[in-house]
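Visitor: Keeping their order, the protein sequence lines are chains S and P.
Counting in my numbering, the first sequence runs from 1 upward without gaps.
Counting in my numbering, the second sequence runs from 1001 upward without gaps.
Number of protein chains: 2
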Amino acid sequence: MLLRVRAAVAQLAAGLGAGPGAQPPAEGRGGGAGAGRGSPPPAAFCRPAFLQLTPEELRRADDHTGRAVQSPRDGRRRLPWSTGYAEVINAGKSQHNEDQACCEVVFVEQRPSPRGCLSSREGSRELDGGRKGFYFHYWALFDGHAGSGAAVMASERLHLHICEQLRELVEILQDPSPPPICLPHDTQSGSADTNQMSNAEGCGEVPSDAVPRFHLEKAVSHESLVIGAIENAFKHMDEQIERERASQHLPGGCCALAAIYLMGKFYVANAGDSRAIIIRNGEIIPMSREFTPETERQRLQFLALLRPELLGKEFTHLEFPRRIQPKELGKKMLYRDQNMNGWAYKKIEEDDLKFPLIFGEGKKARMMATIGVTRGLGDHDLKVFSSNIHIKPFLSCFPEVRVYDLTQYEHCPDDVLVLGTDGLWDVTNDEEVAGVVMEVLTSYEPNDPCRYTMVAQELVVRSRGVLKERGWRLANDKLGSGDDISVFVIPLGGPGNYT
Amino acid sequence: MLLRVRAAVAQLAAGLGAGPGAQPPAEGRGGGAGAGRGSPPPAAFCRPAFLQLTPEELRRADDHTGRAVQSPRDGRRRLPWSTGYAEVINAGKSQHNEDQACCEVVFVEQRPSPRGCLSSREGSRELDGGRKGFYFHYWALFDGHAGSGAAVMASERLHLHICEQLRELVEILQDPSPPPICLPHDTQSGSADTNQMSNAEGCGEVPSDAVPRFHLEKAVSHESLVIGAIENAFKHMDEQIERERASQHLPGGCCALAAIYLMGKFYVANAGDSRAIIIRNGEIIPMSREFTPETERQRLQFLALLRPELLGKEFTHLEFPRRIQPKELGKKMLYRDQNMNGWAYKKIEEDDLKFPLIFGEGKKARMMATIGVTRGLGDHDLKVFSSNIHIKPFLSCFPEVRVYDLTQYEHCPDDVLVLGTDGLWDVTNDEEVAGVVMEVLTSYEPNDPCRYTMVAQELVVRSRGVLKERGWRLANDKLGSGDDISVFVIPLGGPGNYT
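#1: Hey, residue 87 (chain S) and residue 486 (chain S): beta-carbon distance below 8 Å or not?
#2: By how many angstroms is the C-alpha of residue 1218 (chain P) removed from the C-alpha of residue 317 (chain S)?
#3: Need the endpoints of the alpha helix (DSSP H) that residue 430 (chain S) sits in, please.
#4: Using Cβ-Cβ distances below 7 Å, what residues of the stretch 382-406 of chain S are close to chain P?
#5: What are the residues in the stretch 216-227 of chain S lying within 9 Å of chain P by C-beta distance?
#6: Between residue 1382 (chain P) and residue 1370 (chain P), what straight-line distance do the alpha-carbon atoms span, to the nearest angstrom?
#7: By Cβ distance below 6 Å, which residues in the same chain neighbour residue 242 (chain S) in space, the five residues on each side in sequence not counted?
#8: Who are the Cβ neighbours of residue 1412 (chain P) in its own chain at under 6 Å, not counting the five residues just before and after it?
#9: Hey, residue 234 (chain S) and residue 491 (chain S) are a contact pair by Cβ (cut 8 Å); roughly how many whole angstroms apart?
#10: Taking 8 Å as the CB-CB limit, is residue 1345 (chain P) close to chain S?
#11: If we ignore side chains and look at the alpha-carbon of each, how far apart do residue 1435 (chain P) and residue 409 (chain S) end up?
#12: Can you name the residues that DSSP bridges to residue 1330 (chain P)?
#13: Starting from residue 463 (chain S), trace the alpha helix (DSSP H) in both directions and tell me its first and last residue.
#14: Taking C-beta pairs closer than 9 Å, name the residues in chain P that residue 372 (chain S) reaches, listed in chain order.
#15: With burial defined as no fewer than 16 other Cβ atoms inside 10 Å of the residue's Cβ, what is the status of residue 1216 (chain P): buried or exposed?
#16: Interface residues of chain P around residue 322 (chain S) at Cβ under 8 Å?
#17: Pop quiz: residue 1401 (chain P) and residue 341 (chain S) are said to be a contact at Cβ under 8 Å. What is the actual Cβ separation, rounded to whole angstroms?
#18: My assumption, with CB atoms under 8 Å, is that residue 142 (chain S) sits in contact with residue 155 (chain S). Please give the rounded CB distance.
#19: Looking at chain S, is there any beta carbon in it that lies within less than 8 Å of the beta carbon of residue 1171 (chain P)?
#20: Give, in chain order, every residue of the stretch 1300-1315 of chain P whose Cβ lies closer than 9 Å to some Cβ of chain S.
#21: Can you find the residues in the same chain that come closer than 8 Å, C-beta to C-beta, to residue 331 (chain S), ignoring five residues on each side of it along the sequence?
#22: Please report the Cβ distance between residue 1140 (chain P) and residue 1102 (chain P), rounded to the nearest whole angstrom; I am assuming they are in contact, meaning their Cβ atoms lie under 8 Å.
#23: Within 8 Å (strictly less), CB to CB, does residue 293 (chain S) reach chain P?
#24: Use the C-beta contact count for residue 1077 (chain P): other C-beta atoms within 10 angstroms, 16 or more gives buried, fewer gives exposed.
#25: If I measure Cβ to Cβ from residue 1302 (chain P) and keep anything under 7 Å in the same chain, skipping five residues before and after, which residues do I get?
#26: Which word fits residue 25 (chain S), buried or exposed, when buried means at least 16 other C-beta atoms lie within 10 angstroms of its C-beta?
#27: Please classify residue 483 (chain S): is it buried, with 16 or more other beta-carbons within 10 angstroms of its beta-carbon, or exposed?
#28: Have a look at P:1265, P:1104, P:1286 and P:1255 and flag the residue whose alpha-carbon is nearest the alpha-carbon of residue 1375 (chain P).
#29: Looking at chain S, is there any beta carbon in it that lies within less than 8 Å of the beta carbon of residue 1229 (chain P)?
#30: List in chain order: all unbroken alpha helix (DSSP H) runs of 4+ residues lying wholly within the stretch 1127-1180 of chain P.
#31: Answer yes or no: do residue 162 (chain S) and residue 230 (chain S) have a C-beta to C-beta separation smaller than 8 Å?
#32: Give me the subset of the stretch 332-343 of chain S whose CB atoms are less than 8 Å from a CB atom of chain P, sorted by chain position.
#33: So, are the CB atoms of residue 453 (chain S) and residue 373 (chain S) less than 8 Å apart?
#34: Which stretch, first to last residue, makes up the beta strand (DSSP E) that contains residue 447 (chain S)?
#35: Residue 489 (chain S): buried (16+ other C-beta within 10 angstroms of its C-beta) or exposed?
#36: What is the DSSP secondary structure of residue 1279 (chain P), counted as helix, strand or coil?
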């Protein structure tokens, strides 16, 4: 059974992603190869398709005691740009590895014009077979919780949702002139721009001079259209999980971290507590920030203040440094309201005895005593323990997207983008990761395509540690990460140099 | 009349600020010297008390055509630390200079214990006369709009509200141990800390072991207590303006930027579009950010989304790059929702024809087509033109407070903190300000106390420009600032060195 599902997943991920022009995301994750749509499959164990694991390798990857590090094998299909990847299962905190990963090259094909009113604008690239479009490179990590269903589906689908959003923009992104503010009636955006009206006239549209140009018109960049496309792709992904969570057995949720390389720029989109950094000439450039109850306190408190009914009379939107006892009524206690960054004393009232919306510190910080991340996909059924209070209204599926222009700097083979789930970052900080990257890369030839895999493996091994009598231990004898760990190491000297 | 009010204001500001222990902020800004409480005074023209302007000087300062630069005169009272200050009136955009400024040294006296249960903890400093407390230094700029009433009152009162908030914390801030999470019943926080219970027992309080200590208890720093005190002082200032706006004739509102030096640290609090930077060894360190419809777009859109009734059916929370025409219904237009940073296309619906909540770019960006700043004090009566839609729910009176630890670096006499209203920054950027600072300071001896005033004057003159046939022009012939301009230049080599 495991194998059948894995095969289906591999087929879907490989077939749809690298295939001839992405299709609109299909409903359902099964659809063939035994994972029939009628009978929801159980939450099955599967690993990224690109690992191409044999049944025996899959069993080893699922072994909590050995915690063998998994990487794409030599001699099998190499990842684009010779990207390095490594992963390891957790030390027993969940039955299976709930991280998932995806790496694809996706062709975005221009949507056909709906009325046969074909545009022939310059700048739209015709590719072999006359298809117009462009490619993007894609790497993503998904860190699941409360089951792996959401992470598996997101790893199979998110890039297709991004592709779908970008299809609207094929011509616009390939045209150096500013994107049009408005597109004509019922026409796909692919056939419209500032020149659109002359095209539109031929189709019986209103002529351009009928629409007055306003003096006050904001300029919007191509870059911000890509960011908007990625943001909306995350939203559509979340909605798909919501629609199919019952039929497709998708419990829980997942953090999502995706890097998209498109037209010379990296777009790093993060929703959750995974993390991305660039290491360039030894310098560390953060490419994401974590979204947790602590970092998003003010957004969460603001929502709770404006929509107190979401707290179900169990929680207060105020933050306190600890729980308050009923007998402390009337004393003064430190608190923080949504518009404060500092702390002040307030007299304790009846309402303050409720549980604080945000509570705890660092890795132990929780929202509504339930969840430690505040952005991600899924979690539509998550409720506060033994209550009817939903968590989802407080979670955001929207990523923060950071942009890195690869053309602004000449990169050498030792410059990399590292993506890691929190299993990596919980025990290894930015500087230590940069140290490992430099240390490992210098011991391989610059043109050795295996060197980035070696870095990824070393990062995973050093964060996992070694099994000793008192559990998994790092070199300094501190506890290693007992979490699932997944790492991509993407060379930035890549485009054109590494294939 | 002008003179009478000015004298009253000067007396209040000087008397209360530098006087023997701050009083709780009095109700009303008049109260004596002719500005009687019964008859609300008209919006009178006054300048900062520390300028000590004569009637003739005051008239010159109010002259829009000459735009003479004002600074504290040699031979009169010098500002603390030899701080430099300069200002100039606008070129005619409002009747009077709507900027205000304040510079004070304030003594924060410990509040007397309510039950005569005097604390005698070590660390609380006894000053002359047996009074316990500490001093803070204070500089602030207020940039008024729609009248100068709010700016005048804030310049007279904000430091007293800060003092009032800090009085609660006199002992706690002087004690190196972490601040107590909880204070006992009905006791002023000044007499309570981790040792509070033994004191409290003497007063018949519950003994300490009756309150269980929880494992999960967040540590709160002294610094964050000061931040909280400043934040709440801004809130109380705003509430005072609200209470007294009718009786004291306080139309309009103001941006507020305040720098507080306390126990080795600068706390720079900003609500609005004024700006503060530190120039240290030629390096620029931003100490504030501006709060405008553009920088606060997501907060404003989030509020509008959750509370659509605040938009009065006139506005949409979505952002569009320009107004939409009714005949464009059904077309696709670029938009941004509250959780997006990028742009995407949407089909125009009926609701999108409303005016966007945020509209325009840069200095022309407006919220609800009305106001270009989104934080500050006052504006309680401000409504959208010819409607009953209030702006205030969208404005925040809370500042962002940034902290700079003066003890972490050895400062030379050329290191300064510059505070300026937007009249400065609209035409002079950070690098240009730093250039002027360095250029002027090198032409004076390091121990010349006038040198910071010379810098402030030069910054104002260069931003105002020179009156030519085609208006006020900068050296590069671009338009100078037609706005009020006010600048403080505070030497960081100051504490102990400059008095």
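Where is the CB? At the ideal position from N, CA and C, for every residue including glycine.
Guide: This is what the structure gives:
#1: For the purposes of this step, residue 87 (chain S) is taken as the residue at position 87 of the first sequence. For the purposes of this step, residue 486 (chain S) is taken as the residue at position 486 of the first sequence. A contact, by the Cβ cut-off of 8 Å.
#2: Walking along the first sequence from the start, residue 317 (chain S) turns up at place 317. Walking along the second sequence from the start, residue 1218 (chain P) turns up at place 218. As the crow flies, the alpha-carbon of residue 317 (chain S) is around 17 Å from that of residue 1218 (chain P).
#3: Numbered from 1 along the first sequence, position 430 holds the residue referred to as residue 430 (chain S). Taken as a continuous stretch (DSSP letters only), the alpha helix (DSSP H) holding residue 430 (chain S) covers 430-442.
#4: Per Cβ criterion, the list reads 396, 398 and 401.
#5: Closer than 9 Å at the C-beta level to chain P, one finds these residues of the stretch 216-227 of chain S: 216, 217, 218, 219, 220, 221, 223, 224, 225, 226 and 227.
#6: Taking the second sequence and counting its residues from 1, one reaches residue 1382 (chain P) at position 382. Taking the second sequence and counting its residues from 1, one reaches residue 1370 (chain P) at position 370. Taking the straight line from one Cα to the other gives about 9 Å.
#7: Counting from one through the first sequence, the residue named residue 242 (chain S) turns up at place 242. For residue 242 (chain S), where only same-chain residues beyond five positions count, the Cβ hits under 6 Å are 380.
#8: Here residue 1412 (chain P) is taken as the residue at index 412 of the second sequence, counted from 1. Excluding positions up to five away in sequence, the list reads 1493.
#9: Here the question's residue 234 (chain S) lines up with position 234 in the first sequence. Here the question's residue 491 (chain S) lines up with position 491 in the first sequence. Incorrect: roughly 26 Å between the Cβ atoms, too far for contact.
#10: Sequence index remark: in the second sequence, residue 1345 (chain P) carries index 345 (1-based). So yes, residue 1345 (chain P) belongs to the interface.
#11: Taking the first residue of the second sequence as position 1, residue 1435 (chain P) is located at position 435. Taking the first residue of the first sequence as position 1, residue 409 (chain S) is located at position 409. Cα to Cα, residue 1435 (chain P) sits roughly 29 Å from residue 409 (chain S).
#12: Looking up residue 1330 (chain P) in the second sequence gives position 330. Answer is none; residue 1330 (chain P) lacks a bridge partner.
#13: Within the first sequence, the letter at position 463 stands for residue 463 (chain S). For residue 463 (chain S), the enclosing alpha helix (DSSP H) begins and ends at 451-464.
#14: Within the first sequence, residue 372 (chain S) is the residue found at index 372, counting from 1. What residue 372 (chain S) touches in chain P: nothing, since even the nearest Cβ is about 14 Å away.
#15: On the second sequence, residue 1216 (chain P) is found 216 positions in, with the first residue counted as 1. Exposed.
#16: Your numbering for residue 322 (chain S) matches position 322 in the first sequence. The CB of residue 322 (chain S) comes closer than 8 Å to the CB of 1181, 1214, 1216, 1217 and 1218 in chain P, given here in chain order.
#17: Here the question's residue 1401 (chain P) lines up with position 401 in the second sequence. Here the question's residue 341 (chain S) lines up with position 341 in the first sequence. The pair is a contact, with the Cβ atoms about 7 Å apart (cut-off 8 Å).
#18: By 1-based counting over the first sequence, the position of residue 142 (chain S) is 142. By 1-based counting over the first sequence, the position of residue 155 (chain S) is 155. So it is a contact: roughly 5 Å between Cβ atoms.
#19: Counting from 1 along the second sequence, the entry for residue 1171 (chain P) is found at position 171. The C-beta of residue 1171 (chain P) comes no closer than 8 Å to any C-beta of chain S.
#20: For chain S, the residues of the stretch 1300-1315 of chain P that bring a beta carbon within less than 9 Å of one of its beta carbons are 1302, 1303, 1306 and 1307, in chain order.
#21: If you number the first sequence from 1, residue 331 (chain S) lands on position 331. Within the same chain, and ignoring the five residues on either side of residue 331 (chain S) in sequence, the residues whose Cβ sits closer than 8 Å to its Cβ are 347 and 348.
#22: Here residue 1140 (chain P) is taken as the residue at index 140 of the second sequence, counted from 1. Here residue 1102 (chain P) is taken as the residue at index 102 of the second sequence, counted from 1. Right, their Cβ atoms sit about 5 Å apart.
#23: Counted from its first residue, the first sequence places residue 293 (chain S) at position 293. The beta carbon of residue 293 (chain S) sits no closer than 8 Å to any beta carbon of chain P.
#24: Counting from one through the second sequence, the residue named residue 1077 (chain P) turns up at place 77. Under this definition residue 1077 (chain P) is an exposed residue.
#25: The residue you call residue 1302 (chain P) lines up with position 302 of the second sequence. Within the same chain, residue 1302 (chain P) has close Cβ partners 1338.
#26: Counted from its first residue, the first sequence places residue 25 (chain S) at position 25. At residue 25 (chain S), the pLDDT of 44 sits below 50, so the modelled position is not reliable; the number obtained from the coordinates is stated separately. Counting C-beta atoms within 10 angstroms of its own C-beta, residue 25 (chain S) has 16 or more neighbours from the protein chains shown and is therefore classed as buried.
#27: Indexing the first sequence from 1 puts residue 483 (chain S) at position 483. Burial of residue 483 (chain S) is indicated by the presence of at least 16 other C-beta atoms within 10 angstroms of its C-beta.
#28: Taking the second sequence and counting its residues from 1, the one referred to as residue 1375 (chain P) is at position 375. In this structure, P:1255 is the residue among P:1265, P:1104, P:1286 and P:1255 with its C-alpha nearest to the C-alpha of residue 1375 (chain P).
#29: By one-based count along the second sequence, residue 1229 (chain P) stands at place 229. Yes, because at least one Cβ of chain S sits closer than 8 Å to the Cβ of residue 1229 (chain P).
#30: Here the runs fully enclosed are 1149-1167 and 1170-1174.
#31: Here residue 162 (chain S) corresponds to residue number 162 of the first sequence, with the count starting at 1. Here residue 230 (chain S) corresponds to residue number 230 of the first sequence, with the count starting at 1. Result yes, Cβ atoms of residue 162 (chain S) and residue 230 (chain S) sit closer than 8 Å.
#32: Shown in chain order are the members of the stretch 332-343 of chain S whose Cβ falls below 8 Å from a Cβ of chain P: 332, 333, 334, 336, 339, 340, 341, 342 and 343.
#33: Indexing the first sequence from 1 puts residue 453 (chain S) at position 453. Indexing the first sequence from 1 puts residue 373 (chain S) at position 373. Taking 8 Å as the Cβ cut-off, residue 453 (chain S) and residue 373 (chain S) do not qualify as a contacting pair.
#34: Residue mapping note: residue 447 (chain S) aligns to position 447 of the first sequence, counting from 1. For residue 447 (chain S), no beta strand (DSSP E) run applies, since DSSP gives it neither H nor E.
#35: By 1-based counting over the first sequence, the position of residue 489 (chain S) is 489. Residue 489 (chain S) comes out buried.
#36: By one-based count along the second sequence, residue 1279 (chain P) stands at place 279. If DSSP states are grouped into helix, strand and coil, residue 1279 (chain P) belongs with the strands.
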